[in-house]
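Colleague: In the numbering used here, the protein residues as written are 2 to 479. The beta carbon of each residue, even a glycine, is placed where N, CA and C say it ideally should be. After the structure tokens below, expect a handful of questions from me.
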């Protein structure tokens with residue numbers, strides 16, 4: 002037994018116990034001369050108490066075998082991402098966004114020099130290397146203000162959308178100051194800000210930037226008491242002139258086919274008011290819609306949303322799953338004569354929503370494949386000229402935009418790109434409420450880190466400078 006107690010594994014319990022007893026004995030024997038041993042004895046006793054707790058707890062096997070010492074493992078594990086990111090990560094390392102992808106956003110947002118010397122860091126002969134064919138007769142560069150596409154040409158209120166916009170991110174997922182900064186930047190830059198499915202919050206409206214109102218299966222902001230779609234509530238909100246288009250969300254790239262629950266503890270009075278749900282109760286966003294169950298029903302609901310909004314462009318967003326399901330929607334378009342004004346294709350690589358690992362890693366079609374399928378299907382049924390296509394999924398640079406535009410997209414949406422512009426450092430703690438930069442949190446002390454006027458300027462600068470880089474790419478291609 003003694004041999005076991007005095008093994009190396011228990012050294013940080015046994016030796017502090019011995020030292021504490023020795024210190025206390027000396028203090029008793031020489032009370033006037035050894036008072037300075039009291040803090041040392043207290044420290045030793047604290048280590049002993051921690052060690053005894055570790056030995057008797059039942060959650061961590063490593064602590065039972067290595068009391069006190071094993072806490073170092075948990076400490077090192079907790080700072081591992083930061084150590085890797087700041088000390089060991091190369092320019093092409095890091096996931097989901099490598100350092101060089103994040104850096105280009107920061108540079109363009111802050112209007113720093115975004116040029117690099119001494120040639121490309123890519124291996125141009127590696128598999129899947131991509132490049133753009135240039136022309137020997139480059140064209141003049143378009144002004145960024147002209148880089149727009151008209152959505153809903155046949156509606157009463159068509160909208161001219163920029164080629165780069167803010168993708169869907171809800172208030173609740175992002176902080177109030179992050180929403181303010183994004184919308185103020187959108188207003189300054191003349192591009193739209195998708196609200197996400199969490200409803201239109203006061204922070205979306207505060208600075209007057211163009212909004213695309215996203216409606217998910219929870220129908221937040223247009224929700225009846227029983228959780229169904231409420232046409233009157235929808236019409237009331239959609240009448241806001243700041244809302245330029247309405248978008249029905251079928252699925253998202255981060256977790257296609259998966260619903261969500263906002264726990265009752267997070268359903269504050271403000272969130273309850275914005276979403277139209279009872280305060281203090283779990284807020285469910287089902288995996289499926291309750292107001293339609295067929296492709297024809299989907300299109301009829303799109304037509305209803307367009308009518309209730311006063312003729313604003315209406316469309317839907319999805320991550321492609323079974324190809325035949327999208328073909329069924331196309332067939333319903335031909336049968337009913339009802340077409341959406343736009344379709345947003347969200348790639349599997351999209352990721353602002355927290356999701357189960359299996360869904361995040363292995364469910365849904367990547368953007369390039371899904372976008373190609375949607376574009377080709379619409380061309381095949383002869384409706385491509387009537388329906389605009391938006392694309393979202395890991396778009397941060399002009400080359401990312403050029404790639405998806407070449408595959409058939411009419412415009413691009415970016416979520417994490419604009420999060421980087423606001424200050425996100427890819428700490429990947431969005432789901433914890435402890436975002437270190439105040440972007441993805443509801444903690445008022447954390448979100449005060451975002452100075453709205455400064456971050457709004459960065460949002461507008463990132464969008465403008467990325468569009469300028471795209472204009473240069475397109476001009477070089479002839």
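Should residue 368 and residue 409 be called a contact, given that it needs their Cβ atoms to be closer than 8 Å?
Modeller: Contact flag unset, no.
Colleague: Pull up the DSSP beta-bridge partners for residue 151, would you.
Modeller: BP columns for residue 151 point to 161.
Colleague: Is residue 105 helix, strand or coil by DSSP?
Modeller: Helix.
Colleague: Using a Cβ-Cβ cut-off of 6 Å (strictly less than) and excluding sequence neighbours within five positions of residue 299, which residues of its own chain qualify?
Modeller: Correct list, in chain order: 293.
Colleague: With three or more beta-carbon pairs closer than 8 Å as the criterion, would you say the segment 183-196 touches the segment 361-379?
Modeller: The answer is no - the segment 361-379 does not touch the segment 183-196, with fewer than three Cβ pairs under 8 Å.
Colleague: Since residue 42 and residue 25 are thought to touch, with beta carbons under 8 Å apart, how far apart are those beta carbons, to the nearest angstrom?
Modeller: The pair is a contact, with the Cβ atoms about 6 Å apart (cut-off 8 Å).
Colleague: Determine contact between the segment 445-464 and the segment 106-120, defined as no fewer than three beta-carbon pairs at a distance below 8 Å.
Modeller: In short, these stretches touch, since the Cβ pair count reaches three.
Colleague: Measuring alpha carbon to alpha carbon, tell me which residue in 210, 100, 130 and 159 is nearest residue 182.
Modeller: Comparing Cα-Cα distances from residue 182 to each of 210, 100, 130 and 159, the minimum goes to 210.
Colleague: Give me the DSSP bridge partner(s) of residue 389.
Modeller: Paired residues: 343.
Colleague: Could you tell me how far apart the beta carbons of residue 253 and residue 206 are, in whole angstroms, since I believe they sit closer than 8 Å?
Modeller: Not quite, the Cβ-Cβ distance comes to about 23 Å (not below 8 Å), so this is no contact.
Colleague: With burial defined as no fewer than 16 other Cβ atoms inside 10 Å of the residue's Cβ, what is the status of residue 81: buried or exposed?
Modeller: Classification for residue 81: exposed.
Colleague: How is residue 79 classed by DSSP in three states: helix, strand or coil?
Modeller: It is helical.
Colleague: Hey, how far is the Cα of residue 463 from the Cα of residue 371?
Modeller: Cα to Cα, residue 463 sits roughly 27 Å from residue 371.
Colleague: I'd like to check one pair, residue 288 with residue 322: are the Cβ atoms closer than 8 Å?
Modeller: No, these two residues do not count as a Cβ contact at 8 Å.
Colleague: Among 465, 419 and 405, which one has its Cα closest to the Cα of residue 131?
Modeller: Here the closest residue by C-alpha is 405.
Colleague: When you compare only the Cα positions, how much space is there between residue 364 and residue 328?
Modeller: One C-alpha to the other measures close to 19 Å.
Colleague: Is the separation between the beta-carbon of residue 366 and that of residue 320 shorter than 8 Å?
Modeller: Their beta carbons are under 8 Å apart, which means residue 366 touches residue 320 by this criterion.
Colleague: Give me the Cα-Cα distance between residue 11 and residue 68, rounded to the nearest whole angstrom.
Modeller: Distance between the alpha carbons of residue 11 and residue 68 is about 6 Å.
Colleague: The beta strand (DSSP E) that contains residue 138, what's its start and end?
Modeller: Run containing residue 138: none; DSSP gives neither H nor E here.
Colleague: If I'm right that residue 416 touches residue 309 with Cβ under 8 Å, what's the distance once you round it to whole angstroms?
Modeller: The pair is not a contact, with the Cβ atoms about 27 Å apart (cut-off 8 Å).
Colleague: Looking only at C-alpha atoms, which of 439, 436 and 255 sits nearest to residue 349?
Modeller: The candidate whose alpha carbon is nearest that of residue 349 is 255.
Colleague: Quick one: what's got a C-beta closer than 7 Å to residue 52's C-beta in the same chain, skipping five residues either side?
Modeller: Only 13, 14, 68 and 69 meet the Cβ criterion.
Colleague: Determine the burial state of residue 391: buried for a count of at least 16 other Cβ atoms within 10 Å of its Cβ, exposed for fewer.
Modeller: Result: buried.
Colleague: Are the segment 219-231 and the segment 159-168 touching, with three or more C-beta to C-beta distances below 8 Å?
Modeller: Counting Cβ pairs under 8 Å, fewer than three are found: no touch.
Colleague: Specify the secondary structure class of residue 63 as computed by DSSP and reduced to three states.
Modeller: DSSP places residue 63 in helix when its eight states are reduced to three.
Colleague: Alpha carbon to alpha carbon, how far is residue 83 from residue 74? Give it in angstroms, no decimals.
Modeller: For residue 74 and residue 83, the distance between alpha carbons rounds to 15 Å.
Colleague: Taking the alpha-carbon of residue 296 as reference, which of 143, 450 and 338 has the nearest alpha-carbon?
Modeller: Nearest option by C-alpha distance: 338.
Colleague: If you draw a straight line from the alpha carbon of residue 2 to that of residue 430, how long is it in whole angstroms?
Modeller: For residue 2, the pLDDT reaches just 49, beneath the cut-off of 50, and the residue's location in the model is therefore unreliable, although a value from the coordinates is still provided. Each residue's alpha carbon lies about 45 Å from the other.
Colleague: Please classify residue 122 as buried or exposed, where buried requires at least 16 neighbouring CB atoms within 10 angstroms.
Modeller: By the neighbour-count rule (16 or more Cβ atoms within 10 Å), residue 122 is not buried but exposed.
Colleague: Tell me which same chain residues have a C-beta within less than 7 Å of the C-beta of residue 245, skipping the five on either side of it?
Modeller: 160, 193, 211, 212, 213 and 313.
Colleague: CB-CB under 7 Å to residue 66, same chain, minus the five flanking residues each way: which ones, in chain order?
Modeller: For residue 66, where only same-chain residues beyond five positions count, the Cβ hits under 7 Å are 10.
Colleague: Along the beta strand (DSSP E) that carries residue 284, what are the first and last residues, could you check?
Modeller: Start and end: 284-286.
Colleague: Taking residue 566 as the reference, give the member of 260, 106 and 403 with the closest Cα.
Modeller: The structure shown does not extend to residue 566, since the chain spans only 2 to 479, so no value can be given for it.
Colleague: Pick out whichever of 447, 163, 129 and 137 has its Cα sitting closest to the Cα of residue 144.
Modeller: It is 163 whose Cα lies nearest to the Cα of residue 144.
Colleague: For residue 2, which of helix, strand or coil comes out of DSSP?
Modeller: Its pLDDT being 49, under 50, residue 2 is placed unreliably in this model, and the coordinates cannot settle the point.
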